Amino acid sequence: MYKIAVIGLGPRGISVFDRIIAYARNDASATPIELYLFDSKEFGPGCHTTDQADHLLVNTVACQMTQFSDDTVRGAGPLLYGPSFSDWLISKNGSGTNGVGAKVEIDRNGYYSRALFGDYLRWGFEYLKKLAPPHMTIFLHNYAGVDDLSWQGNRWHVSYDGCAYPADFVYLTTGHARKVFSDAERALVQKVEAARTRNPRLQLVLEPYPIRNAVSSVTAGDTMAIEGMGLTTFDLISQLTAGRGGRYEPCGKMEPAGRLRYRPSGQEPKILLYSRSGLPLTARAVNQKGVFGQYKPKYLTFAKLDALRAESDGGQIDFQKQIIPLLWCDMQFAFYFAYLHTQRDKMTALMFSNEFMACENAVARQALIDQHIDRREQLSWDKLVDPVPPLALKSRRQFDDWLRSFMWRDFEHAKLGNLDSPLKSACDVLRDVRDVVRGAIDFGGLYEHSHRWVLSEFLPIMNRLAVGPPKERIAQLLALMDAGVVRADFGPGAYCELDESGASFTVHSQWAGEMASANVLVRGRASLPGPLEDKSPLMRKLVQRGIVRPFMNGQFHPGGITVDRNMNVVAQDGAAQTTLWALGTLVEGCKFYTFVLPRPGANSTTMVDAGRAVGNMMSAIAARNAARAADVAADAAADAAAAAAAAVDAGTAEAQQAPNERAAFYCGVDDAPAAPLARAQLTADFQH
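In terms of this note's numbering, the sequence shown is residues 2 to 689.
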């Protein structure tokens, strides 16, 4: 009997659960397993809780999300098929319902609520549980969070609420954690509390999730400043507008298709948006690639990555100098193919592509581009990174006008699709080659300075260009700006500080003297704390005992705990713990972009990592079984040898008895000596 514990049953925990079920179903030895599953909430959804409002959306189309493996997944063990999110939606009576029983058409390329996706994950857990083989017993624990994990007596002990459960193998898949405030954050909290004596409406929100809790006390009379213009900010805006009864309506026929008008409910606060770039994330384009379509890299390939490592002293590489040029070539390839295909014809696009790939260097590629495309129509890396023209920075009003036109152009590009829009086709490359990007970054694959650059400079650019919200969110934001509910005209480099004398927050813009006051400040980004900042009692104890250690690339801590390539947790002394694994956001830093959901037909990294970890556990179980069988066989052999030796000893003792006693025994007569003739005859008969 082996005892296995999985701590955390969100999407990553479900992936491990899936792999354990799949391997156990294919275990010819039918080794008895007790599986202990721990989560303080419902099993499956993780952060996609099913009690969220329907207006909070997943930012990935339905057909490109799954929780199950498929035939493209390699090295993850036996396959265990299940429906993708879109297939599951369609299987629910062919569609969802609108609340009155009528069928609602399911759009495979549509964006659905996180609550609905959480329902899918919850269903997936129940589906997998039914597939468990008879030799597996599953114990569910979701009354409280696990608060301790310790090694005692050659076993792990998982503890919560005063109870301890022994386990031979443990998986840590606890997902998103809450962050311990930094010294600067604690000082700001104290200053805000002190200032509230003069302004009771002053509020500071450093943890925006759950969204409904974070802004529940914000009223229509408040002015809220939101730091950041990413996905979390779009959630906050949705909660404060549509979540309070506001409505979006199509504009009249005189306005461009897709333009919206916002009808306020009267419950909205005024919202001020600011960020380092001054720009919101760009919209996700209409998906034209279907379920499995992905750009196949021509330049940034795994083979090229291996060659770069082989040439490097120590195996590390420079992302900015060695990866970005290759990535840029792939983005150019996608852009110009789409441009020539839509502006001219497919034959021209194909011929150009062949010539482009035959070019020996960047100079030759640029010369080829100049032959076919006007300079004003060409893709520019500098404009992707910093699209704000100098003229737009002349004044706040000019920036506001430029930003609105920039956002609308982005919406129109997104409406064309991720194949027909050259710009969106190029930006989508950043998503499609993400696994190769991971291969460059994971496990300290970059030089320390390069790793710092990726997280501080490249990651925000990638998120803005390729990981934005559905295009409808951009149209909605424009409508809110038109209605005066939202201001986002603070420009690049804007910042907010507490005005202690005025007991308010002040958002400072790009332009001197152009500022705005707010009584609520929200940090619009989800925290992703490293192990030293993690608020959970479990992680604090694991760090204190040296069971985990922060991942370090030189002197840089990008976040997360250290694991090896088998996902085994590395202890403080540097030893890999072969019975303890960690997956998901716990290892963000050692691994890159761990919070992305599995995608059908893409050899999902999530499933591969989970499969490798569980496969190693099953190999360990098989090895232990073999060792125990060998021990049993050795014991049996030793017992047989002892018995044989005892028999030999008994025979030797008999041989040493007197001759007349032996004759009497064999002949069955008394001790009296037989006549010599009779003795001779009896002996001859006995020997015969």
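Just so it is clear, CB atoms sit at the ideal spot from N, CA and C, and this is done for glycine as well.
If you're wondering where the values come from, they're calculated on a predicted model, not measured in any experiment.
Does DSSP classify residue i as helix, strand or coil?
| i | result |
| --- | --- |
| Met348 | helix |
| His414 | helix |
| Phe338 | helix |
| Phe39 | strand |
| Phe353 | helix |
| Lys180 | strand |
| Ser114 | strand |
| Cys497 | strand |
| Leu584 | coil |
| Phe552 | coil |
| Leu694 | No answer is possible for residue 694: it lies beyond the span of the chain, which begins at 2 and ends at 689. |
| Ala624 | helix |
| Asp535 | strand |
| Gln153 | strand |
| Thr563 | coil |
| Ala647 | helix |
| Phe170 | strand |
| Gln578 | strand |
| Asn569 | strand |
| Arg439 | helix |
| Tyr594 | coil |
| Thr507 | strand |
Near residue i, which residues of its chain fall below 7 Å by C-beta distance, leaving aside the five closest residues on each side in sequence?
| i | result |
| --- | --- |
| Phe407 | Pro388 |
| Ile22 | Leu81, Leu129, Leu132, Ala133 |
| Tyr210 | Ala527 |
| Arg663 | With a pLDDT of 36 at Arg663, under the threshold of 50, the modelled position of this residue cannot be trusted; read the value that follows with caution. Once the five neighbours on either side are set aside, Arg663 has no close Cβ partner at all. |
| Trp382 | Trp329 |
| Asp30 | Note that residue 30 is Ser in the sequence shown, not Asp. So the list reads Asn626, once near-sequence residues are dropped. |
| Gly78 | Arg20, Ala23, Tyr24, Gly612, Val615, Gly616 |
| Gln477 | Tyr249, Leu261 |
| Ala350 | Phe338, Leu341, His342 |
Where does the unbroken alpha helix (DSSP H) through residue i begin, and where does it stop?
| i | result |
| --- | --- |
| His452 | 449 to 454 |
| Cys428 | 423 to 433 |
| Met540 | 538 to 546 |
| Leu466 | 460 to 467 |
Taking the alpha carbon of residue i as the point to measure from, which residue in the options has its own alpha carbon closest?
| i | options | result |
| --- | --- | --- |
| Thr67 | Asp650, Ala624, Asn604, Pro599 | Pro599 |
| Asp40 | Leu173, Lys93, Ala25 | Leu173 |
| Val159 | Met540, Gln321, Val508, Arg187 | Met540 |
| Val521 | Leu385, Cys497, Ser537, Pro532 | Cys497 |
| Pro84 | Pro46, Asn60, Trp124 | Trp124 |
| Pro390 | Gln477, Leu351, Gly279, Thr220 | Gly279 |
| Arg156 | Gln344, Tyr166, Phe126, Ala77 | Tyr166 |
| Ser266 | Arg260, Tyr275, Arg248, Gly514 | Arg248 |
| Ser605 | Ala6, Asp72, Leu117, Asp421 | Asp72 |
| Gly229 | Pro538, Ala63, Arg277, Thr586 | Arg277 |
| Leu205 | Ile107, Val523, Tyr121 | Val523 |
| Asp88 | Arg377, Cys64, Asp346 | Cys64 |
| Ser92 | Tyr121, Arg75, Gly111, Pro79 | Tyr121 |
| Ile622 | Arg115, Tyr144, Asp169, Trp152 | Asp169 |
| Ala116 | Gly11, Leu57, Glu127, Ser451 | Leu57 |
| Gln545 | Asp535, Asn554, Met553 | Asp535 |
| Trp512 | Asp148, Cys360, Ala495 | Ala495 |
| Ala258 | Gly602, Ala517, Lys416 | Lys416 |
Indicate whether at least one CB of chain D lies closer than 8 Å to the CB of residue i.
| i | result |
| --- | --- |
| Ala627 | Structure shown: chain D not included; a single protein chain is present. |
The beta strand (DSSP E) spanning residue i covers which residue range?
| i | result |
| --- | --- |
| Ile5 | 3 to 8 |
| Phe140 | 137 to 142 |
| Ala480 | Careful: Ala480 lies outside any beta strand (DSSP E), inside the alpha helix (DSSP H) at 472 to 484. |
| Trp512 | Segment: none, Trp512 is in no beta strand (DSSP E) and carries neither H nor E. |
| Arg524 | 521 to 524 |
| Val147 | Element bounds for Val147: n/a, residue is neither H nor E. |
| Asn604 | Here Asn604 belongs to no beta strand (DSSP E), and DSSP marks it neither H nor E. |
So, for residue i: in the same chain, excluding its five sequence neighbours on each side, which residues have a beta-carbon less than 6 Å away from its beta-carbon?
| i | result |
| --- | --- |
| Leu1 | The requested residue 1 is not part of the displayed model; the chain covers only 2 to 689. |
| Val1 | Absent from the model: residue 1. The displayed extent of the chain is 2 to 689, so no value can be given. |
| Gly469 | Leu282, Thr283, Ala284, Arg285 |
| Pro33 | Met2, His136 |
| Cys428 | Leu466, Ala467 |
Kindly list the residues whose CB is nearer than 8 Å to the CB of residue i, restricted to its own chain and excluding five residues on each side of it in sequence; keep chain order.
| i | result |
| --- | --- |
| Ala641 | none |
| Asp331 | Tyr296, Pro298, Lys299, Tyr300, Leu301, Val430, Val434 |
Does the ligand SAH have a heavy atom nearer than 7 Å to the CB of residue i?
| i | result |
| --- | --- |
| Val181 | For the structure depicted, the ligand SAH is absent and the ligand set is empty, with no information on it obtainable. |
Ranges of the alpha helix (DSSP H) found wholly within the stretch 362 to 400, counting only runs of at least 4: At a cut-off of 4 residues, the continuous stretches assigned as alpha helix (DSSP H) that sit fully inside the stretch 362 to 400 are 363 to 373, 382 to 386.
Whole alpha helix (DSSP H) elements within the stretch 187 to 246, 4-residue minimum: Fully enclosed alpha helix (DSSP H) runs of 4 or longer: 212 to 215, 232 to 241.
Complete beta strand (DSSP E) runs within the stretch 242 to 319 (minimum length 3 residues, chain order): Every unbroken stretch of the beta strand (DSSP E) spanning 3 or more residues and falling wholly within the stretch 242 to 319 is given here in chain order: 248 to 251, 261 to 264, 271 to 275.
Complete beta strand (DSSP E) runs within the stretch 5 to 89 (minimum length 3 residues, chain order): Restricting attention to beta strand (DSSP E) runs no shorter than 3 residues, the stretch 5 to 89 encloses them at 34 to 39, ordered along the chain.
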